[in-house]
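Enquirer:
Residue numbers (the working numbering), protein chains in the order written: chain H, 470 to 581; chain W, 1094 to 1203.
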C-alpha cells in the first residue's frame, strides 16, 4: 500500500531553535496534512496543504507542499517547550478523501 | 461540543475475550474511521464508514468488526482479543480530508 516516510524519526530541540522535518512518498499525493500529537491525546490538525508548491503558515509553523507532489516539509521557528510531541504527516492516497495514510511520525523532545 | 468521544480510555483484556470500543461524534460528519497506533508505525486504518449503514475495510481490518447504525456512533468490536491487538485505538471523523480525532483508547491484551 501507500507509504509515507518521515525523517528524522526523532529530534531534540533547544528553546529558540528552528527545526525542520520532512515527509516523502513513493507516489503522488494531492493533499498533505500535518498533525501534532501530545502525550495521551489524539492527533490535532496543524496545517493542510492542497496545491503543489503551496506554502502555508500557522503561527510559528510553516509547511510546504513539494512541487513533485511526493514530499512535504514542516518547519517550526523559535521552538518552545510545548512544541514537544509527535508530528505526523498524512494524506489521502486516492480521491476517496478521508481515508488517510500516516507517516511513522517525528518525535520532538527537549534537549536535557 | 464534545467533538469525538471515545470510551473507555483504558482497558485490559484477557486473550480470547471480546469487547466493544465506543466512539461517538457530535460534529454531524458522515465520515468516521478507526485507527490503531503502534510505536514507530504511525496510525493505520482499521475500518471506515462514509455514512450510516455503510462500512468498509481499511489497511488492517482482521480481528475487528464495525457497524454504523447512526451518523453519531461507530463502535469497534474485538470478537476474540489477541496480544497482537495491544495498541492505542483512535476514532476519527471529518470531511474534505481533515480528520478530527478522539482521545484514544489504550488497550492491553494479556
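A virtual CB, placed ideally from N, CA and C, is assigned to each residue, including glycine.
What whole-angstrom Cβ distance do residue 1131 (chain W) and residue 1180 (chain W) have, given they're in contact under 8 angstroms?
Expert: With a Cβ gap of about 5 angstroms, residue 1131 (chain W) and residue 1180 (chain W) count as contacting.
Enquirer: Using a Cβ-Cβ cut-off of less than 8 angstroms, list which residues of the region 1112 to 1133 of chain W approach chain H; keep chain order.
Expert: Of all residues in the region 1112 to 1133 of chain W, 1124, 1126, 1128 and 1133 have a Cβ within less than 8 angstroms of some Cβ in chain H.
Enquirer: By alpha-carbon positions, which one of H:513, H:479 and H:521 ends up nearest to residue 535 (chain H)?
Expert: Closest option to residue 535 (chain H), Cα to Cα, is H:521.
Enquirer: Is the beta carbon of residue 568 (chain H) sitting closer than 9 angstroms to the one on residue 1182 (chain W)?
Expert: Going by C-beta atoms, residue 568 (chain H) is not nearer than 9 angstroms to residue 1182 (chain W).
Enquirer: Quick one: residues in its chain with C-beta nearer than 8 angstroms to the C-beta of residue 1165 (chain W), no 5 flanking neighbours on either side, listed in chain order?
Expert: Closer than 8 angstroms at the Cβ level, and outside the excluded window around residue 1165 (chain W), lie 1117, 1118 and 1119.
Enquirer: Under 8 angstroms by Cβ, that's how I've got residue 1184 (chain W) and residue 1099 (chain W) pegged, so tell me the actual separation to the nearest angstrom.
Expert: Correct: roughly 5 angstroms between the Cβ atoms.
Enquirer: Using a Cβ cut-off of 9 angstroms, pull out every chain H residue sitting near residue 1175 (chain W), in sequence order please.
Expert: Residues of chain H passing the Cβ test: none, with the nearest at roughly 22 angstroms.
Enquirer: In the DSSP assignment, what are the bridge partners of residue 1166 (chain W)?
Expert: Answer is W:1117, bridged to residue 1166 (chain W).
Enquirer: Grab the span of the beta strand (DSSP E) containing residue 1090 (chain W) for me, first residue to last.
Expert: Since the first and last residues shown for chain W are 1094 and 1203, residue 1090 (chain W) lies out of range.
Enquirer: Expressed to the nearest angstrom, what Euclidean distance is found between the alpha-carbon atoms of residue 547 (chain H) and residue 517 (chain H)?
Expert: Straight-line Cα distance between these residues: approximately 21 angstroms.
Enquirer: The beta strand (DSSP E) with residue 560 (chain H) in it runs from where to where?
Expert: From DSSP, the beta strand (DSSP E) with residue 560 (chain H) extends over 554 to 560.
Enquirer: Just to check my reading of the structure: residue 1123 (chain W) and residue 1146 (chain W) have Cβ atoms closer than 8 angstroms, yes? What is that Cβ distance to the nearest angstrom?
Expert: The Cβ separation is near 11 angstroms, so there is no contact.
Enquirer: Quick check: what's the CA-CA separation for residue 482 (chain H) versus residue 541 (chain H)?
Expert: The alpha-carbon atoms of residue 482 (chain H) and residue 541 (chain H) are separated by roughly 20 angstroms.
Enquirer: Quick one: list the residues of chain W neighbouring residue 517 (chain H), beta-carbon separation under 8 angstroms, in chain order.
Expert: Chain W residues near residue 517 (chain H): 1190 and 1191.
Enquirer: Three-state secondary structure (DSSP) at residue 551 (chain H)?
Expert: Residue 551 (chain H): helix per DSSP, three-state reduction.
Enquirer: Smallest Cα separation from residue 557 (chain H): which of H:549, H:550 and H:544?
Expert: Minimum Cα distance to residue 557 (chain H) is reached at H:544.
Enquirer: Ignore the nearest five residues each way along the sequence and tell me which others in residue 1173 (chain W)'s own chain have a CB closer than 7 angstroms to its CB.
Expert: These residues qualify, in order along the chain: 1109 and 1111.
Enquirer: Assuming residue 525 (chain H) is part of the beta strand (DSSP E), what are its boundary residues?
Expert: Unbroken beta strand (DSSP E) run through residue 525 (chain H): 524 to 527.
Enquirer: Measure from the alpha carbon of residue 1125 (chain W) to the alpha carbon of each residue in W:1178, W:1169, W:1198 and W:1177, then state which is nearest.
Expert: Here the closest residue by C-alpha is W:1169.
Enquirer: How should residue 1192 (chain W) be labelled, buried or exposed, when 16 other C-beta atoms within 10 angstroms of its C-beta is the threshold for buried?
Expert: Buried, because 16 or more other Cβ atoms sit within 10 Å of the Cβ of residue 1192 (chain W).
Enquirer: In whole angstroms, give me the CA-to-CA distance for residue 533 (chain H) and residue 473 (chain H).
Expert: So the two alpha carbons sit approximately 16 angstroms from each other.
Enquirer: Name the chain W residues that come within less than 8 angstroms of residue 477 (chain H), Cβ to Cβ?
Expert: Here the premise fails: no neighbours, minimum Cβ distance about 12 angstroms.
Enquirer: Grouping DSSP H, G and I as helix and E and B as strand, with all else coil, what is residue 1173 (chain W)?
Expert: DSSP places residue 1173 (chain W) in coil when its eight states are reduced to three.
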